[in-house]
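Protein chains in written order, with my numbering: chain A, 8 to 261; chain B, 9 to 247; chain C, 2 to 640.
Built from N, CA and C at the ideal position, the CB exists for glycine as well.
Okay, structure first, notes after.
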Amino acid sequence: MLRVDEVSVSFGGVQALGGVSLESRAGAVTGLIGPNGAGKTTLFNVVTGFQRPNRGQVSMDGREITALRPHTRARLGVGRTFQRLELFGSLSARENILVGIEAGRGRPDHGGVRRRQAEEILERVGLQTVAERQANTLSTGKARLVELGRALATRPKLLLLDEPSSGLDQSETDTLGKLLTALAGEGIAVLLVEHDVELVMRVCDQVYVLDFGQIIAAGNPVEVQADPRVQLAYLGADVGTEPPAPDSGAGVGG
Amino acid sequence: MSGPPALELRGVRACYGRIEVLHGVDLTVPVGGVLALLGPNGAGKTTTLKVACGRMRPTAGEVRLGDAPVPTRSPDGLARKGVCIIPEGRGVFPNLSVTENLRMWTYRGSVARSEVEERAFGRFPRLRDRRGQLAGTLSGGEQQMLAISRALTTNPTFLLLDEISMGLAPIVVSELYEVVAQLAAEGIAIVIVEQFVRTALGVADRAAIMAQGRIQLEGDPREVGDAVVDIYLRKASTS
Amino acid sequence: MSEFLALSVVGIVAGCIYALTAMGLVVTYTTSGIFNFAHGAIGMVAAFMYWELSVNQGLPTPLALVLVLFVFAPLMGALIERVLMRPLHGASVETTLTVTIGLLLLLIGLATIIWDPTTSRVLPQFFAGNSVSILGVVVTWHQLTVVIVAAAVAVGMRLFLFRTRPGTAMRAVVDDPELASMAGASPARFGQYGWAIGAFLAALAGILLAPLVTLDINTLTLLVINGYAAALVGRLKNLPLTFAGGVVLGLVESYAVGYLPTGTLLSQIKPVVPMVFLFIVILVVPQGRLRAAGRAIALRVPRVAGWRESVIAGVVFVAITWVVSAHLSSTNLATAGHGMAFAIIMLSLVLLVGYGGQVSLCQLTFAGLGAFAMGEVAGGGSWLGVLAGIGLAGAVGALVALPAIRLRGLYLALSTLAFAEAMDFAFFQNTNVFGTGSALTVGRVHIPGISLQSPRAFLVLLAVVFVVVGIGVLAVRRSAFGRRLVAMGDSPSGTATVGINITRTKLVVFTASAALAGLGGVLYGGQQNQVGANDFQLLYSLTLLLLASVWGIKTVTGMLFAGLLFAIFPVIQSHVPALRDLLYLAVGLGAISIGRNPNGVMGGKTPLERWRDRRAAGPGQPDATATADVVEEPTRVAG
């Protein structure tokens, strides 16, 4: 479904992504993990059109979309949520989802079809009880679910989720996990950035590990977990175990 | 040592809006102690740090710095009490030169300018070569060195480090942690919030793991170290 | 050659004054994050104060200068910061815009009360009568003073910021307020210094400028707007570039006057040059990272009335108008009609600003175009004229929107401001448009079988139109397009990710809003029977926006009150001369209150709604609107 080929992004002189390639297949949940500042959100921005890559290509269903604008990609079936919420704060939860349903469809609304769809989505993400509440009065967890619902409302073929579980409690996280698996079962390609490693291990079919803007490991969850490079990236090195190299040069990112 | 601890949190609860993110946190850092505060993202580490330095008011519980409650919303007052906070990802003034950054650290202090530069450049010679350069144009590692220099030059009694190794190459991280170890050896009380567990455990004399707004485990760094791998890479919670 | 030199001298002198102004703007903006629309008004008040002391009270010039520049102006700046600006910390662009424009009107109002504008005052040039000849061009000492002072200030600012401890600390505060406060440099204090320095520079510019033009309240206040362009050249942060921008602007303006053919239209080009320059700069200069965050949304937005509710309210309103109007005197009928016409124009703001979150400072310009078309087309009273008015305003609105479409917040507001000023000078004030000092007759539309010539009939028509348009606006808000508008205002990124073309949505709402303002203008012309060159000034547009904000720019009823109030003020003033210029004062104060209550008067909750909320929340549940006990924002919506 999604193919990212050798994508590089630099901000000023700092390289945020250095030749990243990955694939996200329809019907599967693909995990993207890595320490803070590894470039995960930048990669999402490249895929959804908010960030032009300096090099590399992004394609959907074999069609190159690297130069398309965000809304055009959305119409091709790219949906996403944001790590830092981008809700329509002065609209109700239901209206947020309605905006998603109504976007890009010129056909008239016969017999309240859209309202019914909105109710279905509200139920699916578990927001029926707060459907009328203005979105920016919701808790972070609920707000994340509104974003997820809004993305689902556009009927995406590819769904990018940026830390959907942060701010969710344990039972909400469990529900989210089941929902992600169900979405993949419907043929959607789900690409998941997540810090809750347990959730990633549970729902992902394939995991990529990003560190310093590069994929350092990929494979099924069990392989990735056992990879020593991953452990190093996640847990850091013991102090003093490595001799300081003469070129202890520049760190990346910042 | 006797007397009150450097930092004490008792039954601290904190909320963002209506959602509670800290559900009763107890932490004690003795004078001269080094505590590593670990845990996955979203566990409440940064919030704990915010509460500890008065940037956020707890909804319940008590925060004491030394012998007094922490002053709320007064970074200035904290600095005067000898507390030095290196915030995550932005410990320098990007549009000030390296020298100007160093001079800002002692804006109120009594340390002479030459001495400040001597201490910082003595520890990080690389900064001396870049003294006239704007801090924002330094590499990530150099920026963090400059940030840490604040702890070297302001004679703090208590140091809070928030994710100082984020986005840095391991080699730079170990260089930074050498300085942290040196500061610890000088008897400064330190709280290290860090996602690179092993790195932090290497200098800490006590460690606490947070998950879901609670301290899940506290104890000797070695014991905690084994448990933490589980929490990070296998299970989200030990409870 | 000598002509070129002479023009260059004039240009450089004007440019230096623009540069001084612009540097002041940049200093306040960088230290406090607030773009001060009242900068010119501060300079104006300082110039008047200087006149008061030196000319009226007869103090020696140096003493008067010291008092104004080093005591009065900095104190005023510091006071404004402490009282008005500090509480705005973290507020949205719309709010800071409203408050500083409110301050602008407030200062104009105060100045008008203290210094009667009908009296003419002269502020002598410095070293009047002395001049030197440079390369054959006569340069007065005053001109020399301007250049020297500007250069000295530029060098002085540079030294202060880069060579002194407080200067370094000020830059540190701009870089990272929190880190700076850890180092012991309080951001609030440096914000105050920033406003004091800004006010000092505004005063300097005002005092140097006044002798070159006239000591007139509006002229001085608005001329300083030219400095905006220079500040934007420096991207609101770079002082050397800002200075250069000011000088270039002065030169361009001077050469334009000197070299452009003195045709009928082009002869009046001078006042337009800075605005065209500003417009171009906004479009060309990449939008630096503005400090303002996204749109801070009021925790609760006003409820949107349903179909039935709004139709019933509308019918009742028309009926009341019908009954009450039978008992009104012709003067009162005129006032009411006037207000109703403005209310219709203001409905265009609900659509654009209230729902779409796009600030426009040029709605009256569109209204003016509507009135113009109505008066010019097909004898001035036909349906064709109405269509032409709506069409012309809509078309021009689209033309303005096209280049401005990618702008947000402050930049969009500034580009509409430039457009309004340019149109005022180039079009409305142009003797070819309304004729010299005269007015254009605008007829009332003919509806077969109904005579609209009586004031009462026309008032009822206005009420009907207001109700129809108001219901329409509410219907838009309830529609898919309305949700899309609000979504775009709340989070452009979020809107794009669901597949909505933001560019097109913006274009549509801008055009529709301009067309609606055009319709308002058509009716305003009909109500007045004529329109003149001074009916559509920028200041009125600003007042209109502020009144709308004060009454609740997301509400239709708010616009009715705002429009009526706008019309009633002049009437009150004519009856109670002591309250002269009450309008500006009141509007200014009201707008400043927006800092506290962003929803405006009608945007608050009715007691019934509050009761419903309490009941819905149930016992034991915290009120959703209650502010949580945290120092930080809970959820930051829109980045």
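Item: Proximal residues of chain C, C-beta to C-beta of aspartate 84 of chain B below 8 Å; Value: Ser182, Met183, Gly185 and Ser187
Item: Status (buried if at least 16 other CB within 10 Å, exposed otherwise) for alanine 14 of chain B; Value: buried
Item: Residue interval of the alpha helix (DSSP H) (run including glutamine 232 of chain A); Value: 228-233
Item: Three-state secondary structure assigned by DSSP to glycine 289 of chain C; Value: Caution is warranted here: a pLDDT of 47 is assigned to glycine 289 of chain C, below 50, making its placement in the model unreliable, and no coordinate value can be reported.
Item: With 16 other Cβ atoms within 10 Å as the buried cut-off, status of histidine 143 of chain C; Value: buried
Item: Own chain partners of leucine 191 of chain B with C-beta closer than 8 Å, once the 5 adjacent residues on each side are dropped; Value: Ala159, Leu160, Leu167 and Ile198
Item: Residue-level contact to chain C via CB, arginine 82 of chain A, 7 Å cutoff; Value: yes
Item: Threonine 37 of chain A (DSSP reduced to helix, strand or coil); Value: strand
Item: Minimum C-alpha distance to alanine 200 of chain C - residue among C:Leu21, C:Phe435 and C:Gln529; Value: C:Leu21
Item: Assigned secondary structure, threonine 32 of chain C (DSSP; H/G/I helix, E/B strand, else coil); Value: helix
Item: Separation of methionine 560 of chain C from proline 456 of chain C, as counted between CA atoms; Value: 22 Å
Item: Within-7 Å CB hit, asparagine 43 of chain A to chain B; Value: yes
Item: Contact between the region 23-30 of chain A and the region 173-192 of chain A (3+ Cβ pairs under 8 Å); Value: no
Item: Proximity of serine 97 of chain A and aspartate 491 of chain C at Cβ, strictly below 7 Å; Value: yes
Item: When C:Ile35, C:Ala155, C:Gly130 and C:Thr141 are compared against threonine 99 of chain C, the one with the closest alpha-carbon; Value: C:Ile35
Item: Under 8 Å by beta carbon: chain C residues contacting methionine 112 of chain B; Value: Thr169, Ala170, Ala173, Ala181, Ala184 and Ala186
Item: Contact set between phenylalanine 101 of chain B and chain C, taken where Cβ atoms lie within less than 8 Å; Value: Arg172, Ala173, Asp176, Asp177, Leu180 and Ala181
Item: Complete runs of the beta strand (DSSP E) confined to the region 106-142 of chain C [at least 3 residues]; Value: 132-135 and 138-141
Item: Assigned exposure category for tyrosine 260 of chain C - 16 Cβ within 10 Å defines buried; Value: exposed
Item: Assigned secondary structure, threonine 243 of chain C (DSSP; H/G/I helix, E/B strand, else coil); Value: helix
Item: Within-7 Å CB hit, alanine 87 of chain B to chain C; Value: yes
Item: For glutamine 124 of chain A, three-class secondary structure by DSSP; Value: helix
Item: Boundaries of the alpha helix (DSSP H) in which glutamine 680 of chain C is found, first to last residue; Value: The structure shown has nothing for residue 680 of chain C, since chain C only spans 2 to 640.
Item: Which of helix, strand or coil DSSP assigns to serine 28 of chain A; Value: strand
Item: Boundaries (first-last residue) of the beta strand (DSSP E) holding leucine 15 of chain B; Value: 15-24
Item: 8 Å contact criterion, which proline 19 of chain B and aspartate 34 of chain B should meet: CB distance rounded; Value: The displayed chain sequence assigns glycine, not proline, to residue 19 of chain B. That belief holds up - the Cβ atoms of glycine 19 of chain B and aspartate 34 of chain B are roughly 6 Å apart, short of 8 Å.
Item: Nearest residue (CA-CA) to arginine 304 of chain C, options C:Val557, C:Glu4 and C:Ala15; Value: C:Val557
Item: Spatially closest choice to leucine 205 of chain C from C:His40, C:Ser575, C:Thr432 and C:Phe420, by CA coordinates; Value: C:His40
Item: Spatial distance of leucine 441 of chain C from leucine 546 of chain C (CA atoms); Value: 25 Å
Item: Distance, isoleucine 200 of chain B Cα to proline 164 of chain B Cα; Value: 15 Å
Item: Selected residue, minimal CA-CA separation from isoleucine 313 of chain C, among C:Gly471, C:Gln528, C:Ala592 and C:Val148; Value: C:Gly471
Item: Cβ contact check for the region 128-146 of chain A and the region 89-109 of chain A: 3 or more pairs under 8 Å; Value: yes
Item: When B:Gln203, B:Gly195, B:Gly85 and B:Gly144 are compared against valine 181 of chain B, the one with the closest alpha-carbon; Value: B:Gln203
Item: Simplified DSSP assignment, three categories, for alanine 20 of chain C; Value: helix
Item: Helix, strand or coil at aspartate 213 of chain B [DSSP, three-state]; Value: coil
Item: Residues of the region 497-519 of chain C with Cβ closer than 8 Å to any Cβ of chain A, in chain order; Value: Ala497, Thr498, Val499, Gly500, Ile501, Asn502 and Ile503
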